[in-house]
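A.B. asks: Going by the UniProt record's numbering, the sequence shown opens with residue 1, and the numbers climb by one from there. Ideal Cβ placement from N, Cα and C applies to all residues, glycine included. Take this structure, written in structure tokens, and hold onto it; I'll ask about it next.
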Amino acid sequence: MIYIENLDFGYQKKREVFSGLNLSLTGGHIYGLLGKNGAGKTTLLKLIGGLLFPLRGRIEVCDAIPRLRKPSFLSDIFFIPEEICLPDMKMKDYFPLICRFYPKFDEELLFHAMEIFEVSESDKMGQMSYGQRKKALISLGIACNTRLLMMDEPTNGLDIPSKSQFRRLIASVASEERCVVISTHQVRDLENLIDALVIIEKSRILVNTTVEQITDHFVFRQLREGETALFAEESLRGRWGMVPNLQQEDSKLDMELFFNAVLEHPAEIEKVLK
1 MIYIENLDFG
11 YQKKREVFSG
21 LNLSLTGGHI
31 YGLLGKNGAG
41 KTTLLKLIGG
51 LLFPLRGRIE
61 VCDAIPRLRK
71 PSFLSDIFFI
81 PEEICLPDMK
91 MKDYFPLICR
101 FYPKFDEELL
111 FHAMEIFEVS
121 ESDKMGQMSY
131 GQRKKALISL
141 GIACNTRLLM
151 MDEPTNGLDI
161 PSKSQFRRLI
171 ASVASEERCV
181 VISTHQVRDL
191 ENLIDALVII
201 EKSRILVNTT
211 VEQITDHFVF
221 RQLREGETAL
231 FAEESLRGRW
241 GMVPNLQQED
251 SKLDMELFFN
261 AVLEHPAEIE
271 KVLK
């Protein structure tokens, strides 16, 4: 689905974002793309979508070269940016203009998503609140039925019920043929949705693996008194940590804890996961 090899990219000669980046993502997963501010998450999504061009290296997405921006490629990807600019049109007038570019567009799915999100087809999108505009574009992105769906901070601006509806909608359209990539800082919003993680730090991919593999190797739980952990944090629930899974224990991934652990001990965690 997505293959990146020896990618170099920078906005200026003195500001290198990626150097020798390698990444492979497959269909059938909902990826969480995590990294600190300025790590290059949005830049990576734009490179994958053909909105930015690499200086060196190779990017192949859906059997195409993104920078060539061929219609067959563009009709099989959909990118929802964090900052949304929509025309001052009603959705019922806008989507017929868009759907002709997406051969697998599903009008029934569009109206289903809009109904769940409580987005009116008769409201002008340019006059909607930020959250409503985001829900309108998410509905459109889901309905386009592309093999690749990329979203940058999709839960920003959504209220609590809408975040729950978002998770259910994305889970309902996931398939073996579809790859969903979600860049986010709001890990608590998406912990129950994401099934694979990519963590970027200092132009490197520190982690690219499934949630299942992480929980096979590590346990996330409250620590016993005196117990040592690879990484631990104090919280209202006590001392919570990440320890090697030596006894084949079942635990739920604490995504925020794992992310902080990776930044603190990248080499140790990378070695275990390999």
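What are the start and end residues of the alpha helix (DSSP H) that includes residue 127?
C.D. replies: Here residue 127 belongs to no alpha helix (DSSP H), and DSSP marks it neither H nor E.
A.B. asks: On the three-pair Cβ rule with 8 angstroms, is the region 67 to 81 touching the region 18 to 26?
C.D. replies: Contact fails: fewer than three Cβ-Cβ distances are below 8 angstroms.
A.B. asks: Do the region 104 to 122 and the region 182 to 193 touch if we need at least three Cβ pairs shorter than 8 angstroms?
C.D. replies: Short answer: they don't touch.
A.B. asks: Output the distance between the C-alpha atoms of residue 143 and residue 45, rounded to the nearest integer angstrom.
C.D. replies: Each residue's Cα considered, the two are about 20 angstroms apart.
A.B. asks: Should the region 187 to 196 be called in touch with the region 204 to 212, which here means at least 3 C-beta pairs below 8 angstroms?
C.D. replies: Yes, the region 187 to 196 is in contact with the region 204 to 212.
A.B. asks: Where do the N-terminal and C-terminal ends of the alpha helix (DSSP H) with residue 187 fall, by residue?
C.D. replies: Unbroken alpha helix (DSSP H) run through residue 187: 187 to 190.
A.B. asks: Tell me residue 90's beta-bridge partners as DSSP assigns them.
C.D. replies: In DSSP, residue 90 forms a bridge with 124.
A.B. asks: Could you name the residues of the same chain whose beta carbon sits closer than 8 angstroms to that of residue 103, not counting the 5 residues immediately before and after it, in chain order?
C.D. replies: Here the set comprises 75.
A.B. asks: Leaving out the 5 sequence neighbours to the left and right, which residues in its chain are closer than 8 angstroms to residue 6 when beta-carbon positions are compared?
C.D. replies: Excluding positions up to five away in sequence, the list reads 20, 21, 22, 56, 57 and 58.
A.B. asks: Within its chain, find whatever has a CB closer than 8 angstroms to the CB of residue 124; leave out the 5 residues flanking it on each side and keep chain order.
C.D. replies: The residues are 88, 89 and 90.
A.B. asks: Sort 203, 191, 145 and 156 by Cα distance to residue 179 and report the nearest one.
C.D. replies: Residue 179 has its Cα closest to that of 145, out of 203, 191, 145 and 156.
A.B. asks: Measuring alpha carbon to alpha carbon, tell me which residue in 247, 228, 187 and 245 is nearest residue 257.
C.D. replies: Ranking 247, 228, 187 and 245 by Cα distance to residue 257 puts 187 first.
A.B. asks: Quick check on the DSSP output: what are the complete alpha helix (DSSP H) runs of length 4 or more inside the region 198 to 244, in order along the chain?
C.D. replies: Within the region 198 to 244, the complete alpha helix (DSSP H) runs of at least 4 residues are 211 to 217.
A.B. asks: For residue 229 versus residue 238, is the C-beta distance shorter than 8 angstroms?
C.D. replies: Their beta carbons are not under 8 angstroms apart, which means residue 229 does not touch residue 238 by this criterion.
A.B. asks: Which residue wins for smallest C-alpha separation from residue 171, given the options 224, 29 and 218?
C.D. replies: Looking at the Cα atoms, 29 is the closest of the given residues.
A.B. asks: Considering only C-alpha positions, which residue in the set 50, 265, 97 and 62 is nearest to residue 199?
C.D. replies: For the residues 50, 265, 97 and 62, the minimum Cα distance to residue 199 belongs to 265.
A.B. asks: For residue 12, which of helix, strand or coil comes out of DSSP?
C.D. replies: Correct three-state label for residue 12: strand.
A.B. asks: When the Cα of residue 252 is compared with those of 220, 271, 37 and 262, which residue comes out closest?
C.D. replies: Ranking the options by Cα distance to residue 252, first place goes to 220.
A.B. asks: Verify whether the separation of the beta carbon atoms of residue 61 and residue 148 is less than 8 angstroms.
C.D. replies: Result yes, Cβ atoms of residue 61 and residue 148 sit closer than 8 angstroms.
A.B. asks: Which same chain residues end up closer than 8 angstroms to residue 153 when comparing Cβ atoms and leaving out the 5 residues on each side of it in sequence?
C.D. replies: So the qualifying residues of the chain are 82, 183, 184, 185 and 186.
A.B. asks: Specify, as a first and last residue, the run of the alpha helix (DSSP H) that residue 270 falls within.
C.D. replies: Residue 270 -> alpha helix (DSSP H) spans 266 to 273.
A.B. asks: Based on the DSSP secondary-structure assignment, which residues constitute the bridge partners of residue 80?
C.D. replies: Partner(s): 151.
A.B. asks: At the level of alpha carbons, what is the spacing between residue 136 and residue 93?
C.D. replies: Going from the Cα of residue 136 to the Cα of residue 93 covers about 13 angstroms.
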